[in-house]
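Quick notes on the structure that follows.
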Amino acid sequence: MRMRFLGPIVMASALAFAALPTLAAPLPFQPSAPELEIDEQPGYVPPKEAEQLPDGFERQYVFFRTTEPPGSIIVHTSERFLYLVQGNNRALRYGIGVGRDGFQWSGLVKVTRKQEWPDWRPPPEMIKRQPYLPRFMAGGPGNPMGARALYLGETVYRIHGTNQPQTIGYAISSGCFRLVNDDVADLYGRVPVGTKVIVKHAAKL
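And the structure:
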């Protein structure tokens, strides 16, 4: 007798299951922007295994059309790339981190000074925003300025290194352009003082 009722029960369960809404496939993982601000986190040295650039930001030669002469630096802040012009429609491209909202800028400057393992002296406006910052930090692996710095014109901005490669590709700095230490050392060795630097927000004027 018990077997006679199994058929309707099984059929009812199957109909109920079929009526359930179909679950959408999970969305692919989207990394969120790092919360830490490199200019506000002096002394942090990440573990060695973290020294890996995000995909797509590795240093590489690319096709690049420009009328600027070889040796010029062109920064595209919206793309998060710095280009060192090579001529013949080629450039050496570096992944960079750029200024966050309210700290982005554009213009034409020159490299006025170069420094290996630069010291860090937060400018007064940065100290005003963050009074807890040190007034001076000697150059070294834990310094937010990284392994090299190229000073831009008479501004407070620099192209400098970083010991936090996970920040490359994001807009979180106070206006400087940062590269991983290997990349900034490479760029440092290729450009002299006096190099023309063009900073654009978009790829085209």
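Read in order, the letters of the sequence shown are residues -24 to -1, 1 to 181 in mature numbering (1 follows the signal peptide of the UniProt record, and there is no 0).
Don't be surprised by glycine CBs; every beta carbon is placed ideally from N, CA and C.
Bridge partners of H136, per DSSP? What you label residue 136 is simply residue 160 of the sequence shown in a count that begins at 1. H136 is bridged by DSSP to A125 and R154.
Can you tell me whether S82 is buried or exposed? The criterion is at least 16 other CB atoms within 10 Å of its CB, across all chains shown. Taking the first residue of the sequence shown as position 1, residue 82 is located at position 106. The residue in question, S82, is exposed, as its Cβ has fewer than 16 Cβ neighbours within 10 Å.
Helix, strand or coil, according to DSSP, for G63 in the structure here? On the sequence shown, position 87 is the one that residue 63 refers to. Strand at G63.
Between which two residues does the alpha helix (DSSP H) containing R35 stretch? The residue given as residue 35 occupies position 59 in the sequence shown. Taken as a continuous stretch (DSSP letters only), R35 belongs to no alpha helix (DSSP H), as it is neither H nor E.
Check I103 in the structure and name its three-state DSSP category. Your numbering for residue 103 matches position 127 in the sequence shown. DSSP places I103 in helix when its eight states are reduced to three.
L163 versus T143, I135, G151 and G170, residue with shortest Cα-Cα distance: Translated into positions along the sequence shown, residue 163 becomes position 187. Nearest to L163 by alpha-carbon distance, out of T143, I135, G151 and G170, is I135.
Here's the rule: buried if 16 or more other CB atoms are within 10 angstroms of the residue's CB, otherwise exposed. What is D159? Locating residue 159 in the sequence shown gives position 183, where the first residue counts as 1. It is buried - the Cβ of D159 has at least 16 other Cβ atoms within 10 Å.
Would you please state the rounded distance, in angstroms, between the beta carbons of G137 and M121? I believe it to be under 8 Å. On the sequence shown, position 161 is the one that residue 137 refers to. On the sequence shown, position 145 is the one that residue 121 refers to. Contact holds; Cβ gap of about 7 Å.
Could you tell me whether the Cβ of G151 comes closer than 8 Å to any Cβ of chain B? In the structure shown, chain B does not exist; there is a single protein chain.
Helix, strand or coil, according to DSSP, for Y108 in the structure here? Within the sequence shown, the letter at position 132 stands for residue 108. For Y108, the three-state secondary structure derived from DSSP is coil.
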